[in-house]
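Inspection log for the structure reproduced underneath, given as structure tokens.
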Amino acid sequence: MKEIIETDRVIIRPLEEGDVEGILALDGDIRVLEFLGKKPIGTKEEALGVIRFIRQQYEDFGIGRWAVIEKETNTFIGWTGFKYLKDGPSGVAEYLDLGYRFIYEAWGKGYATETAKACLVYADKHLTTLPIHASSEVGNDGSRHVLEKVGFKVVDTFLDEGVPNFWYIRLKK
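Numbering (my numbering), first residue to last: 15 to 187.
Below is the structure:
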């Protein structure tokens, strides 16, 4: 396991094909997907496809979402990290999108804030000078609170497949 980041409670590392059960639990739970406009996956093959898609981003862009492993239980609890994107809202040509997704049982325990902060520290030390942005569906108050806690501010709204989303900028490094 190649660790990227370690906090007091979690290890953040590249996704591996062995994370298939965790991805299936994560992306197969309609509660987790409520504000994402996605349908739940239902098979290990679909979960493996998600992992392979993210791992291809590592190859293509040198960055992608990372697995979050709870240290105490050595359990996959979600993912966090960055995705390279182009043509963002407000005319942003290229940027890193900060994101996170956790199994329902991990909600409300501070993992999103903890891992988002850790990822931003990592980005400041190791990643390019691309701006870091984020988005969340309007109404996803949990994600909005996390992003505000880690230094983001809503500056715009946009439609993603017809669904209103907030567009965030990072206020400071």
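Yeah, the Cβ is synthetic: ideal placement off N, Cα and C, and Gly gets one too. Since we're looking at a predicted model, the values are computed, not measured.
When the Cα atoms are used, R184 and G56 turn out to be separated by approximately 35 Å. Setting aside the 5 residues that flank it on each side, L161 is surrounded in the same chain by A148, S150, Y182, each with a C-beta closer than 7 Å to its C-beta; the list follows chain order. Contact between the stretch 130 to 137 and the stretch 43 to 55 is absent, with fewer than three C-beta pairs closer than 8 Å. Taking a C-beta distance under 7 Å as the contact criterion, D43 and Y118 qualify as a contact pair. Distances from the alpha-carbon of I77 to those of P178, K97, D170 put K97 closest. The C-alpha of I19 lies about 15 Å from the C-alpha of N88. Residue range 125 to 140 is occupied by the alpha helix (DSSP H) that includes T129. Between the alpha carbons of L112 and G95 lies a gap of roughly 6 Å.
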